[in-house]
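Residue numbers (numbering that gives the first Met the number 0): 0 to 477. Structure first, commentary second.
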Amino acid sequence: MQKSLQDNLFSDLQTLLGERARDGDFELGLYGKDGSVLEGRPSIVCLPQSTSEVQEIVKICRRYDTPFLARGSGTGLAGGAVPIGEPVIIATAKMNKILEVDLDNRIAWVEPGVLNLDLSNELLPLGFHFAPDPSSQQVCSIGGNVANNSGGPHCLAYGVTSAHIAALEVVLPDGQIAQFGDLTADGAGYDLRGLFVGSEGTMGITTRIAVRLTQNPPEVRTLLLDFADVRDGAAAVSAIIAAGLIPAALEMMDKRAIEIVEAFVNAGYPTEADAVLLVELDGLPGGVEYGVELVRSVATRHHVGNVRVAADEKERALLWKGRKNAFGAVARIKPDYYLHDTVVPRGKLVEVLEKVYRIADAHDLIAINVFHAGDGNLHPILAFDSSEKGVLERVHAAGRAIVTASIEAGGVLSGEHGIGLEKRDYMGMLFSAHDMATQDLVREAFDPDGFANPLKVLPTGSRCSDSFGQHVPDGAWV
């Protein structure tokens with residue numbers, strides 16, 4: 000962008016926002032990254048506090064032919080919030096109010112900057128919670144959950160974010176305000192709410208969200224099962240579900256994950272095991288107790304070593320602390336990691352896991368597996384040291400090989416992290432050119448001029464994004 004043009008753009012944004020419009024090197028560097036290994040650079044960072052301010056920012060960007068992208072907490076792992084082409088960042092962190100809690104209709108209206116766990120903690124005394132629970136729930140925002148259709152361990156039984164959003168207030172890419180969805184059980188017309196959830200900021204910016212509230216279960220039991228062979232653990236996963244039981248959560252960790260987690264949290268994970276399953280059951284007491292015995296019976300048939308049932312809430316929380324902090328615990332062996340997100344059929348779990356290990360070995364990397372086994376959502380972690388020369392090239396090559404192995408096994412590109420920039424150029428592995436052209440048309444219906452988070456999700460970024468001259472050379476964003 001020409002300096003005089005950017006100066007005028009910044010001046011107008013500063014008139015609107017004051018010191019909440021920033022263009023210092025520190026802010027531009029900070030907001031040039033998210034939770035992925037990718038990075039870029041914005042032109043300006045804006046911190047609005049209201050829908051009207053978001054609307055005015057969008058209108059100013061349009062006036063200066065400047066793209067923009069919405070950003071929540073920046074915990075996304077697919078590069079969806081990484082700025083490409085020097086856009087204006089619209090960061091919603093200051094829009095963090097819980098506006099209304101309606102227990103009669105089991106709905107809460109919140110702003111997009113409200114943190115996931117903060118909402119559930121606020122609802123806890125009322126006997127409710129927000130069901131989607133990503134591992135980053137202490138810091139990720141509800142707006143980010145909407146953008147990526149986030150999941151979490153408990154999405155096996157409760158579903159991902161789209162199942163828990165009733166309505167959205169959105170600033171569209173042309174600056175208009177619209178509401179998608181309503182508070183009725185089955186609204187009339189097209190489900191634009193469902194279309195918008197998971198659109199990764201390419202169709203507009205959400206400014207108010209009506210989330211559905213889930214009642215806290217009367218009984219919860221958490222079990223830790225260990226296996227001497229990861230194959231037995233994977234087989235037990237399918238057998239538990241085949242027996243007619245859908246646990247609230249069904250998580251799996253391999254031997255390397257067990258070792259680093261136990262060293263980090265001292266939760267009593269069996270470090271001699273080849274794999275563990277963390278199983279959570281909730282509901283009415285009688286049904287939960289029946290489920291515990293069913294899991295125990297199925298696991299016994301699949302050569303389980305020990306079945307540990309958490310005795311109280313303290314022990315249960317400790318077991319979950321190990322699972323939720325597994326990614327951070329990787330720092331005990333390497334300072335950096337690349338976390339992938341694909342989904343494969345449950346029956347192919349072991350096959351794909353073995354390929355992940357071989358791929359990591361071939362690229363001289365360490366593979367650690369912690370994943371949502373119940374729905375086949377893999378999260379292979381590639382641990383590395385970014386100070387090693389050429390390591391990022393190996394990491395990206397291994398990542399592509401893991402995605403390829405997952406697709407070849409009948410899987411899909413993402414379960415909950417989204418496509419963003421990371422998997423944008425892999426879309427052709429799963430979709431035909433016609434499929435992608437059709438998706439592009441849907442995107443253009445919301446953003447015909449390609450202003451909202453261009454160059455994300457689709458390999459073309461948006462057919463209109465070329466108007467910004469935003470060519471991304473290979474590796475320029477690594």
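We put the CB at the ideal spot given by N, CA and C, even for glycine. Remember, it's a predicted structure, so these values are computed and weren't measured experimentally.
>> Does Met251 come out as helix, strand or coil in the three-state DSSP assignment?
In response: Looking up residue 251 in the sequence shown gives position 252. In the structure shown, Met251 sits in a strand (DSSP, three-state: E or B).
> With DSSP run on the structure shown, which of helix, strand or coil describes Gln178?
Replying inline: One-based indexing of the sequence shown puts residue 178 at position 179. Looking at Gln178 - three-state DSSP - the assignment turns out to be strand.
> Taking the alpha-carbon positions, what's the Asp11 to Leu46 distance?
Replying inline: Here residue 11 corresponds to residue number 12 of the sequence shown, with the count starting at 1. Here residue 46 corresponds to residue number 47 of the sequence shown, with the count starting at 1. Those two C-alpha atoms are separated by around 14 angstroms.
> So what does DSSP say about Glu271, is it helix, strand or coil?
Replying inline: Along the sequence shown, one-based indexing puts residue 271 at 272. In this structure, Glu271 counts as coil in the three-state DSSP scheme.
>> Going by DSSP, what residue range makes up the beta strand (DSSP E) through Tyr336?
In response: Working through the sequence shown from its first residue, we reach residue 336 at position 337. Element bounds for Tyr336: 335-338.
> Distance, Cα to Cα, Glu415 vs Val145?
Replying inline: Within the sequence shown, numbered from 1, the residue matching residue 415 stands at position 416. Within the sequence shown, numbered from 1, the residue matching residue 145 stands at position 146. Taking the straight line joining both Cα atoms gives about 11 angstroms.
>> Which complete alpha helix (DSSP H) runs does the region 354-437 hold, if anything under 4 residues is left out?
In response: 390-407, 426-429
>> Quick check: Ile141 and Val109, are their CB atoms within less than 8 angstroms of each other?
In response: The sequence position of residue 141 within the sequence shown is 142, counting from 1. The sequence position of residue 109 within the sequence shown is 110, counting from 1. Going by C-beta atoms, Ile141 is nearer than 8 angstroms to Val109.
>> Given this structure, state the Cα-to-Cα distance separating Gly34 from His339, to the nearest angstrom.
In response: The sequence position of residue 34 within the sequence shown is 35, counting from 1. The sequence position of residue 339 within the sequence shown is 340, counting from 1. In a straight line, the C-alpha of Gly34 is about 12 angstroms away from that of His339.
>> Am I right that Leu318 and Leu249 are in contact with their C-beta atoms under 8 angstroms? What's the rounded C-beta distance?
In response: Reading the sequence shown from its first residue, position 319 is the one you call residue 318. Reading the sequence shown from its first residue, position 250 is the one you call residue 249. Actually they are not in contact, since the Cβ atoms of Leu318 and Leu249 sit about 13 angstroms apart, beyond 8 angstroms.
>> Once DSSP output is grouped into helix, strand and coil, what is the label at His128?
In response: Here residue 128 refers to the residue found at position 129 of the sequence shown. Reduced to three states, the DSSP call for His128 is strand.
>> With a threshold of 7 angstroms on Cβ separation, who are the neighbours of Ala298 within its own chain once the five nearest residues in sequence on each side are excluded?
In response: For the purposes of this step, residue 298 is taken as residue 299 along the sequence shown, with counting starting at 1. Excluding positions up to five away in sequence, the list reads Leu224, Ala235, Val306.
> By the 10 Å Cβ neighbour count, where 16 or more other Cβ atoms means buried, how is Gln178 classified, buried or exposed?
Replying inline: For the purposes of this step, residue 178 is taken as residue 179 along the sequence shown, with counting starting at 1. Answer is exposed; the Cβ neighbour count stays below 16.
>> Under 8 angstroms: do the region 198-206 and the region 257-272 share three or more Cβ pairs, one atom per stretch?
In response: no
> In whole angstroms, what is the alpha-carbon distance linking Ala156 and Ile245?
Replying inline: Locating residue 156 in the sequence shown gives position 157, where the first residue counts as 1. Locating residue 245 in the sequence shown gives position 246, where the first residue counts as 1. The alpha-carbon atoms of Ala156 and Ile245 are separated by roughly 6 angstroms.
> Which residues bound the beta strand (DSSP E) around Gly321?
Replying inline: If you number the sequence shown from 1, residue 321 lands on position 322. That residue, Gly321, is in no beta strand (DSSP E); its alpha helix (DSSP H) goes 312-323.
>> I'd like the span of the beta strand (DSSP E) that includes Ser98, first residue to last.
In response: For the purposes of this step, residue 98 is identified with residue 99 of the sequence shown, where counting begins at 1. Rather than Ser, the amino acid found at residue 98 in this sequence is Leu. Residues 97-101.
> What's the call for Gly468, buried or exposed, on a 16-neighbour Cβ count within 10 Å?
Replying inline: The residue labelled residue 468 in the question sits at position 469 within the sequence shown. Model confidence at Gly468 stands at a pLDDT of 40, short of 50, so the residue's coordinates are unreliable and nothing is read from them.
> Nearest to Gly282 by CA position, among Tyr337, Leu276, Arg220, Tyr336, is which residue?
Replying inline: Here the question's residue 282 lines up with position 283 in the sequence shown. It is Arg220.
> If you follow the alpha helix (DSSP H) that Phe450 is part of, which residue opens it and which one closes it?
Replying inline: Start at 1 with the first residue of the sequence shown, and residue 450 comes out as number 451. From DSSP, Phe450 is part of no alpha helix (DSSP H); its letter is neither H nor E.
> Phe383 and Val394: beta carbons closer than 8 angstroms?
Replying inline: Counted from its first residue, the sequence shown places residue 383 at position 384. Counted from its first residue, the sequence shown places residue 394 at position 395. Taking 8 angstroms as the Cβ cut-off, Phe383 and Val394 qualify as a contacting pair.
>> With H, G and I counted as helix, E and B as strand and the rest as coil, what does DSSP make of Gly285?
In response: Along the sequence shown, read from residue 1 onward, the residue named residue 285 stands at position 286. Note: Gly285 maps to helix in three-state DSSP.
>> With a threshold of 6 angstroms on Cβ separation, who are the neighbours of Pro472 within its own chain once the five nearest residues in sequence on each side are excluded?
In response: The count along the sequence shown starts at 1 and reaches residue 472 at position 473. Residue placement at Pro472 is poorly supported in this model, since its pLDDT is 34, which falls under 50; the coordinates still yield a value, given next. Closer than 6 angstroms at Cβ, skipping near neighbours: no residue.
> Taking Cβ positions, are Tyr30 and Val53 nearer each other than 8 angstroms?
Replying inline: Residue 30 sits at position 31 when you count from the first residue of the sequence shown. Residue 53 sits at position 54 when you count from the first residue of the sequence shown. No. Outside cutoff.
> According to DSSP, is Asn305 helix, strand or coil?
Replying inline: Position 306 of the sequence shown, counted from the first residue, corresponds to residue 305. It is a strand residue.
> Leaving out five residues before and five after Ser461 in sequence, what residues of the same chain have Cβ atoms less than 8 angstroms from its Cβ?
Replying inline: Locating residue 461 in the sequence shown gives position 462, where the first residue counts as 1. Because Ser461 carries a pLDDT of 49, less than 50, the predicted location of this residue cannot be relied on, and the following value inherits that uncertainty. Contacts found: Thr201, Asp439, Arg442, Glu443, Asp446, Gly449, Pro453, Leu454.
> Which of helix, strand or coil does DSSP assign to Arg211?
Replying inline: The residue you call residue 211 lines up with position 212 of the sequence shown. Three-state DSSP puts Arg211 in a strand.
>> Taking 8 angstroms as the threshold (beta carbon to beta carbon), is Gly419 in contact with chain C?
In response: Reference to chain C is not applicable here, since this structure consists of a single protein chain.
>> Tell me which residue opens and which closes the alpha helix (DSSP H) that Glu168 is part of.
In response: Looking up residue 168 in the sequence shown gives position 169. Run containing Glu168: none in the alpha helix (DSSP H); it sits in the beta strand (DSSP E), 164-170.
> From this set, Glu279, Leu98, Arg300, which residue's C-alpha is nearest Val291's C-alpha?
Replying inline: On the sequence shown, position 292 is the one that residue 291 refers to. When only C-alpha atoms are compared, the closest one is Glu279.
>> Tell me the residue span of the alpha helix (DSSP H) that contains Asp231.
In response: Residue mapping note: residue 231 aligns to position 232 of the sequence shown, counting from 1. First-last of the alpha helix (DSSP H) with Asp231: 229-241.
>> Report the CB separation of Val342 from Gly375 in whole angstroms; it is logged as a contact under 8 angstroms.
In response: Here residue 342 is taken as the residue at index 343 of the sequence shown, counted from 1. Here residue 375 is taken as the residue at index 376 of the sequence shown, counted from 1. At roughly 5 angstroms, the Cβ-Cβ gap stays under 8 angstroms, so Val342 and Gly375 are in contact.
> Whose C-alpha, out of Asn115, Asp24, Val36, is nearest the C-alpha of Gln77?
Replying inline: Position 78 of the sequence shown, counted from the first residue, corresponds to residue 77. Checking the sequence, you will find Ala at residue 77 rather than Gln. Residue Val36 is the option with its Cα nearest to Ala77.
> When the Cα atoms are used, what is the spatial distance from Gly75 to His128?
Replying inline: In the sequence shown, the residue the question calls residue 75 occupies position 76. In the sequence shown, the residue the question calls residue 128 occupies position 129. Each residue's Cα considered, the two are about 22 angstroms apart.
> Distance, Cα to Cα, Met428 vs Phe9?
Replying inline: As a position in the sequence shown, residue 428 is number 429, starting the count at 1. As a position in the sequence shown, residue 9 is number 10, starting the count at 1. Distance between the alpha carbons of Met428 and Phe9: 41 angstroms.
> Where does Val349 fall in DSSP's three states?
Replying inline: For the purposes of this step, residue 349 is identified with residue 350 of the sequence shown, where counting begins at 1. Val349 falls in the helix class under three-state DSSP.
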